[in-house]
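Read through the structure below, which is laid out as structure tokens, and then see the notes.
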Amino acid sequence: MTARLFLLFPMLLGACTLEGMSTDPTAPSLDKAGTCFALVTAEQDGSYTLMTGIADGSKAPVGVPKAGLDAAAVDKAFARERAIMDINPECLAIYAKGREAAQPGA
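Quick note on numbering: the sequence shown equals residues -22 to -1, 1 to 84 in mature numbering (1 follows the signal peptide of the UniProt record, and there is no 0).
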């Protein structure tokens, strides 16, 4: 399972970094240390995964996945993580994409 996430996460971040980030030069970047992130992806089985963490300056920062969530659970978890980011002094920038931005099969 860990190896699978290790291989999947760089692709996930690559897709998320390109989506909306390249058109807005003022948006936070996931490869900049101190950027807190919360990314929701839709899985093919209809569930959602929430990946959260703080970027360390690498191209593919390590995140903590919460998988197998339904729509209500992922929305609640995303809102909680987003509220924490607003008060966390370690968050120098915030990159958050909720369920409305999730793509199926990502």
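Even glycine gets a Cβ: it sits at the ideal position worked out from N, Cα and C.
In chain order, Val18, Tyr26, Leu28, Arg77 place their CB closer than 6 Å to the CB of Val52, counting only its own chain and leaving out the 5 sequence neighbours on each side.
Two segments are said to touch when three or more pairs of C-beta atoms, one from each, lie closer than 8 Å; by this definition the region 39 to 50 does not touch the region 65 to 74. Here Ala11 is exposed, its C-beta having fewer than 16 other C-beta atoms within 10 Å.
Here Ala50 is exposed, its C-beta having fewer than 16 other C-beta atoms within 10 Å. Contact annotation: Ala55 and Leu47 have beta-carbon atoms nearer than 8 Å.
When the five nearest sequence neighbours on each side are left out, the beta carbons in the same chain lying within less than 8 Å of the beta carbon of Ser36 are those of Asp9, in order along the chain. Rounded to the nearest whole angstrom, the CA to CA distance from Thr13 to Asp34 is 8 Å. The shortest C-alpha to C-alpha distance from Ile62 to any of Asp23, Ser7, Gly24, Gly31 is the one to Gly31. The beta-carbon separation of Ala80 and Ala20, rounded to 4 Å, stays under the 8 Å limit for a contact.
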